[in-house]
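Protein chains in written order, with the numbering used here: chain W, 1 to 116; chain R, 117 to 230.
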Amino acid sequence: AQSVTQLGSHVSVSEGALVLLRCNYSSSVPPYLFWYVQYPNQGLQLLLKYTSAATLVKGINGFEAEFKKSETSFHLTKPSAHMSDAAEYFCAGGEYYGGSQGNLIFGKGTKLSVKP
Amino acid sequence: DAGVIQSPRHEVTEMGQEVTLRCKPISGHDYLFWYRQTMMRGLELLIYFNNNVPIDDSGMPEDRFSAKMPNASFSTLKIQPSEPRDSAVYFCASSRTGSNQPQHFGDGTRLSIL
C-alpha cells in the first residue's frame, strides 16, 4: 500500500461491546495488509494478515478483518471486547512486486481502551 | 522457534556516549528492519536490509546513526554521539521474502539518554 490511514488515535469501548478499528489504504496495485497489536512494553505481534484467497480474515484472540476493495478498507473487528484487549493496534500494508517483499507502511496506530 | 532477539532491553547513558543496539533475526529470514518508536512521532522506519545489504536508509535521522549487518544472524544500530532526543524504544524486525510475509518484531530496546 502506498499509504495506510487509521481513523481514530483512541477508541474506548465497554467490556462486551463490539470493537471496530478502522484502516484505509491507498494502492495502485493489489496490496497485502496486516494488523498488529502492541501491549505495553512489548513489541508488535501479528494479529492477522490478508491474503487474496479470502476477503474475511480471522486472526488470534477472536479478531477478524474484512478486505473491501471498493472501499479500500481493512477494518478490524471483534464482537465482544475483553479487558485484555486493551492495547495499541497497527494496520500495515505493502505492495507485491514480483515475489519480493520490501518495506511495510504502518498506520499511526489506534489505542484501544476497554472499560469494565 | 526463537523470535527476534534484541539486546539490551534497557539502556541508560549520558549524552555524548556511544550506544550500540543489537539484533538477532529469526533464522532463515532475509529481511531485517530497524524502527524507532516515540510518543510524538510514533513508529518510524530507520533502515532495512535484504540479504545483509542496506536497501533503504532514508529514515536514518542523521549521520550520528549507523547500522550494519555483517552476517545473516546479526545486526547493530549505533548512535555516536548520543543526544537526549534519541531517547526512544528501538525495535528490530525480520521477515522472509515473499508476498504476505509478515514482519516479526523483537521486544525492543528502551533507550534513555540523560
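Ideal placement from N, C-alpha and C gives every residue a C-beta, glycine not left out.
Just so you know, these numbers come straight off a predicted model, no measurement behind them.
- For W:E64, the enclosing beta strand (DSSP E) stretches over residues E64 to K68.
- Counting along the chain, R:K194 sits inside the beta strand (DSSP E) bounded by residues F190 to I195.
- W:G93 is bridged by DSSP to W:L33 and W:I105.
- R:R152 sits buried, since 16 or more C-beta atoms from the chains shown fall within 10 Å of its C-beta.
- Taking the Cβ atoms as the reference, W:L21 lies roughly 7 angstroms from W:L112, within the contact range of under 8 angstroms.
- Around the CB of W:Q42, fewer than 16 other CB atoms lie within 10 Å, so the residue is classed as exposed.
- Put simply, the CB of W:K68 is far from chain R, with every gap to its CB atoms at 8 angstroms or more.
- Boundaries of the beta strand (DSSP E) around W:Y25: V19 to S26.
- W:K108 is positioned such that its CB atom lies closer than 8 angstroms to that of W:S9.
- Contact with chain W is absent for R:F165, since none of that chain's Cβ atoms lies less than 8 angstroms from the residue's Cβ.
- Judged by DSSP in its simplified three-state form, R:E127 adopts strand.
- R:P141 and R:V120 do touch by the CB rule: their CB atoms are close to 6 angstroms apart, below 8 angstroms.
- Take R:D223, set aside five residues on each side of it, and the residues of its chain with a beta-carbon closer than 7 angstroms to its own are Q122 and R125, in chain order.
- For R:G158, at least one C-beta of chain W is nearer than 8 angstroms to its own C-beta.
- Against chain W, a Cβ distance below 9 angstroms from R:P177 picks out nothing, because the smallest value is about 17 angstroms.
- R:D172 has its alpha-carbon roughly 14 angstroms from the corresponding atom of R:F181.
- The DSSP-derived three-state label of R:P141 is coil.
- In this structure W:Y39 is exposed. Its beta-carbon is surrounded by fewer than 16 other beta-carbon atoms within 10 angstroms.
- Annotation for R:Q196: E134 and R180 place their beta carbon closer than 7 angstroms to its own, counting only its chain and skipping 5 residues before and after.
- Ranked by Cα distance from W:L7, the first of W:G62, W:S73 and W:A87 is W:S73.
- Closest by C-alpha distance to W:S70, out of W:I60, W:T110 and W:S27, is W:S27.
- A straight-line Cα-Cα distance of about 12 angstroms links R:M156 and R:S203.
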